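K.L.:
Before I ask anything, here is the structure I am working with.
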Amino acid sequence: MDIYSNIRTSVAENKRLLAVLIDPDKMELDNVEAIVAKINESKATHIFVGGSEVDEGITETLVKAIKLYTKLPVVLFPGDVTQITNEADGILFLSLISGRNPDYLISKHIEAISKLTKTQLEILPTGYLLIENGKQTAVERVSNTKPLVRSNIQQIVDTAKAGELLGMKLIYLEAGSGATHPIESEIISAVKEELNIPLIVGGGIRTKTQLDAAYNAGADLVVIGSAFEKNLYFFEQLKL
Ligand code: 1GP
594 MDIYSNIRTS VAENKRLLAV LIDPDKMELD NVEAIVAKIN ESKATHIFVG GSEVDEGITE
654 TLVKAIKLYT KLPVVLFPGD VTQITNEADG ILFLSLISGR NPDYLISKHI EAISKLTKTQ
714 LEILPTGYLL IENGKQTAVE RVSNTKPLVR SNIQQIVDTA KAGELLGMKL IYLEAGSGAT
774 HPIESEIISA VKEELNIPLI VGGGIRTKTQ LDAAYNAGAD LVVIGSAFEK NLYFFEQLKL
């Protein structure tokens, strides 16, 4: 089954999906086998690969290495066109709909087409919403956009719903890597209530309480990067 059908089936069955995010910039190739072994032992259902600023070429090498050691779907979560590689299974084709920078709303996508059409990647059109979290994150800096204000829940809900009605297949609520505050439950549940497509939540999730809170509020797929990067025993300690 393809990645999206799998996600939809899991959501229909109330399964909790978990993606481990690997940033190619922070990963030594020598460590890939051991790290992927840890991911395989955990409850992770997906591996996301990407970062806001990644040197050209290293994403492909990393994805190739990851694929040697896992059967989990490897999905690109690219910060830029240069991170596209046919070695992965799919790609979040992200439109930063919280922002007003045309580069990240449509221009980068046009730039990506000549590469994407030469790949077999499953393309997952994703409405990407950056939400204010207490400090400036790499996404905000690199995309030169303002995050949505946390307290304006209606604006966040309307933005997510607009993404769905534009035909996007996933909505991703992003607090930013290493965020001070993960996305609040009130925001997740308000967005979930209005959406008919799967909801991804990530950024700043460091504890089991925060992870459970995201799922309980309605996240279908949670993304964890930094906490696992800092401590490879993170999922074992969470008893996941
Ligand atoms: C960032 O949502 C992801 O794009 C994951 O964030 O690194 O804080 O887990 P963390």
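In terms of this note's numbering, the sequence shown opens at residue 594 and continues consecutively. Cβ coordinates follow ideal geometry from the N, Cα and C atoms, glycine included. This structure is a prediction, so every number in the text was calculated from the model and none was measured.
So, is D682 buried or exposed, given that buried needs 16 or more other C-beta atoms within 10 angstroms?
P.N.:
Start at 1 with the first residue of the sequence shown, and residue 682 comes out as number 89. Label assigned to D682: buried.
K.L.:
Could you check whether the region 718–733 touches the region 793–807, counting it as contact only if at least three pairs of C-beta atoms, one from each stretch, sit closer than 8 angstroms?
P.N.:
Output reads yes: the region 793–807 touches the region 718–733.
K.L.:
Roughly how many angstroms separate the alpha carbons of T663 and R693, rounded to a whole number?
P.N.:
Position 70 of the sequence shown, counting from 1, holds the residue named residue 663. Position 100 of the sequence shown, counting from 1, holds the residue named residue 693. Between T663 and R693, the C-alpha separation is close to 38 angstroms.
K.L.:
Quick one: what's T652 bridged to in DSSP?
P.N.:
Residue 652 sits at position 59 when you count from the first residue of the sequence shown. T652 pairs with nothing; no bridge assigned.
K.L.:
Going by C-alpha distance, which of A768, A753 and P775 is nearest L792?
P.N.:
Indexing the sequence shown from 1 puts residue 792 at position 199. Of A768, A753 and P775, the residue nearest in Cα terms is A753.
K.L.:
Use the C-beta contact count for L685: other C-beta atoms within 10 angstroms, 16 or more gives buried, fewer gives exposed.
P.N.:
To locate residue 685, count along the sequence shown from 1; it is residue 92. Answer is buried; the Cβ neighbour count reaches 16.
K.L.:
Where I781 and L689 are concerned, what is the direct C-alpha to C-alpha distance, given to the nearest angstrom?
P.N.:
Counting from 1 along the sequence shown, the entry for residue 781 is found at position 188. Counting from 1 along the sequence shown, the entry for residue 689 is found at position 96. So the two alpha carbons sit approximately 18 angstroms from each other.
K.L.:
Taking the alpha carbon of F828 as the point to measure from, which residue in A810, A812, R734 and L804 has its own alpha carbon closest?
P.N.:
Against the sequence shown, residue 828 aligns to sequence position 235. When each option's Cα is compared against that of F828, the closest is L804.
K.L.:
How many whole angstroms separate the CB atoms of K762 and L717, which I take to be in contact at a CB cut-off of 8 angstroms?
P.N.:
On the sequence shown, residue 762 is found 169 positions in, with the first residue counted as 1. On the sequence shown, residue 717 is found 124 positions in, with the first residue counted as 1. That pair is a contact at about 6 angstroms.
K.L.:
Any residues whose CB sits closer than 6 angstroms to a heavy atom of the ligand 1GP? List them in chain order?
P.N.:
Ordered along the chain, the selected set is L614, E767, S770, G771, A772, G795, G796, G797, I798, V816, I817, G818, S819 and A820.
K.L.:
For the region 760–819, list the beta strand (DSSP E) runs that are entirely contained and at least 3 residues long, ordered along the chain.
P.N.:
Complete beta strand (DSSP E) runs here, min 3: 763–767, 792–795 and 814–817.
K.L.:
Can you find the residues in the same chain that come closer than 8 angstroms, C-beta to C-beta, to Q748, ignoring five residues on each side of it along the sequence?
P.N.:
Within the sequence shown, numbered from 1, the residue matching residue 748 stands at position 155. Excluding residues within five positions, the ones whose Cβ falls inside 8 angstroms are L741 and V742.
K.L.:
For S635, count neighbouring C-beta atoms within 10 Å of its own C-beta (all shown protein chains included) and say buried if the count is 16 or more, exposed if not.
P.N.:
Residue 635 sits at position 42 when you count from the first residue of the sequence shown. The residue is buried, with at least 16 neighbouring Cβ atoms inside 10 Å.
K.L.:
Alpha carbon to alpha carbon, how far is E649 from V642? Give it in angstroms, no decimals.
P.N.:
Within the sequence shown, the letter at position 49 stands for residue 642. Within the sequence shown, the letter at position 56 stands for residue 649. Looking at the two C-alpha atoms, the distance is approximately 14 angstroms.
K.L.:
In the DSSP assignment, what residue or residues form a beta bridge with G683?
P.N.:
The residue you call residue 683 lines up with position 90 of the sequence shown. In the DSSP output, where bridge partners are listed per residue, G683 has V668 and E715.
K.L.:
Within 10 Å of its beta-carbon, does N726 have 16 or more other beta-carbons around it, so buried, or fewer, so exposed?
P.N.:
As a first step, residue 726 is located in the sequence shown; it is residue number 133 there, counting from the start. Buried, by the Cβ-count rule.
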